[in-house]
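Numbering (my numbering), first residue to last: 698 to 954.
Using N, Cα and C, we set each Cβ at its ideal position, and we do this for glycine too.
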Ligand code: SF4
């Protein structure tokens with residue numbers, strides 16, 4: 698279900714590393730990842746929103762953004778931090794595209810994060826601007842995507858989009874997270890992601906599961922108690938990833954140091 702709702706702000710102050718603001722054109726996300734912790738935050742803001750099924754477009758967000766870019770100090774805008782800016786709804790609605798135009802004209806640097814090749818549509822806007830593009834690549838295995846990210850594009854589409862964007866000289870990065878032991882941490886899997894980082898000159902940002910009540914509830918439908926409890930022991934995986942990155946000359950860092 699796609700509906701629109703009015704919003705009060707467009708640029709929110711961000712505490713995420715490297716970002717001054719976050720811009721989220723939608724509430725909800727059609728990608729519906731089972732490990733997503735945003736629904737937990739949204740539970741209080743918008744209790745009726747069914748994660749992965751409902752998307753609410755912020756109907757007046759562009760009007761507010763136009764006003765805010767005139768009075769707020771310049772800083773990097775994360776597009777997006779609580780939704781995917783290139784989820785299916787964006788294809789017809791183009792809210793992200795129009796927001797990018799406003800941000801670019803106002804001189805705000807932008808950092809995009811997505812799982813969708815739809816970002817390639819906006820290359821005409823992005824190229825040559827102060828914009829970097831991050832692709833979340835949790836796994837190169839379609840089965841992982843089907844299980845954990847049922848509404849998101851398959852890995853090969855993300856990989857191909859990353860290669861396209863990088864080949865155009867745009868700064869790219871890979872978000873490898875969350876790493877879930879037993880599902881996307883195998884040595885060969887990790888090596889494929891690191892090699893992709895080397896090929897596309899992309900930094901790798903890695904992350905662990907962010908455990909929230911809704912995440913536990915959703916993941917327990919596909920993970921057993923034992924598997925779920927193993928989530929804490931990631932020291933070995935992180936060390937292995939960092940060693941691989943060093944070996945392949947890829948910069949890498951933990952998402953929330
Ligand atoms: S794409 Fe991002 S925001 Fe959307 S459901 Fe997945 S993790 Fe959450």
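Delimiting residues of the beta strand (DSSP E) encompassing residue i
{"i": "residue 949", "result": "949-951"}
Near ligand 1: residue i beta-carbon under 8 Å from a heavy atom
{"i": "residue 780", "result": "yes"}
{"i": "residue 831", "result": "no"}
{"i": "residue 846", "result": "yes"}
{"i": "residue 894", "result": "no"}
{"i": "residue 945", "result": "no"}
{"i": "residue 729", "result": "yes"}
{"i": "residue 774", "result": "no"}
{"i": "residue 952", "result": "no"}
{"i": "residue 849", "result": "yes"}
{"i": "residue 732", "result": "yes"}
{"i": "residue 804", "result": "no"}
{"i": "residue 949", "result": "no"}
{"i": "residue 784", "result": "yes"}
{"i": "residue 748", "result": "yes"}
{"i": "residue 738", "result": "no"}
{"i": "residue 726", "result": "yes"}
{"i": "residue 735", "result": "yes"}
{"i": "residue 812", "result": "yes"}
Contact belief for residue i with residue j at Cβ below 8 Å, rounded distance in angstroms
{"i": "residue 783", "j": "residue 793", "result": "6 Å"}
{"i": "residue 893", "j": "residue 856", "result": "6 Å"}
{"i": "residue 952", "j": "residue 880", "result": "So it is not a contact: roughly 18 Å between Cβ atoms."}
{"i": "residue 863", "j": "residue 775", "result": "Wrong, their Cβ atoms sit about 20 Å apart, outside the cutoff."}
{"i": "residue 877", "j": "residue 890", "result": "That pair is no contact at about 14 Å."}
{"i": "residue 910", "j": "residue 732", "result": "The Cβ separation is near 13 Å, so there is no contact."}
{"i": "residue 737", "j": "residue 912", "result": "7 Å"}
{"i": "residue 807", "j": "residue 869", "result": "Actually they are not in contact, since the Cβ atoms of residue 807 and residue 869 sit about 13 Å apart, beyond 8 Å."}
{"i": "residue 771", "j": "residue 804", "result": "6 Å"}
{"i": "residue 810", "j": "residue 777", "result": "7 Å"}
Residue(s) in a DSSP beta bridge with residue i
{"i": "residue 700", "result": "753"}
{"i": "residue 710", "result": "718"}
{"i": "residue 828", "result": "807"}
{"i": "residue 900", "result": "870"}
{"i": "residue 776", "result": "809"}
{"i": "residue 911", "result": "Note: residue 911 sits in no beta bridge, so no partner."}
{"i": "residue 723", "result": "754"}
{"i": "residue 833", "result": "872"}
Limits of the unbroken alpha helix (DSSP H) element including residue i
{"i": "residue 794", "result": "792-803"}
{"i": "residue 766", "result": "758-768"}
{"i": "residue 741", "result": "735-742"}
{"i": "residue 821", "result": "820-823"}
{"i": "residue 940", "result": "932-945"}
{"i": "residue 905", "result": "Neither: residue 905 is in no alpha helix (DSSP H) and is coded neither H nor E."}
{"i": "residue 854", "result": "852-864"}
{"i": "residue 840", "result": "839-845"}
Handout entry: At least three beta-carbon pairs within less than 8 Å, the stretch 840-849 to the stretch 814-824
Key = The answer is no - the stretch 814-824 does not touch the stretch 840-849, with fewer than three Cβ pairs under 8 Å.
Exercise for the section: State whether the stretch 717-728 contacts the stretch 753-769, with contact taken as three or more CB pairs (one from each stretch) at a distance under 8 Å. Expected result: Cβ pair count under 8 Å is three or more, so yes.
Exercise for the section: Determine contact between the stretch 852-871 and the stretch 890-904, defined as no fewer than three beta-carbon pairs at a distance below 8 Å. Expected result: Counting C-beta pairs with one atom in each stretch, the stretch 852-871 and the stretch 890-904 have three or more that are closer than 8 Å, which means they touch.
Practice task
May I ask you to verify whether the stretch 753-772 touches the stretch 708-721, counting CB pairs closer than 8 Å and requiring at least 3?
Solution key: The answer is yes - the stretch 708-721 touches the stretch 753-772, with three or more Cβ pairs under 8 Å.
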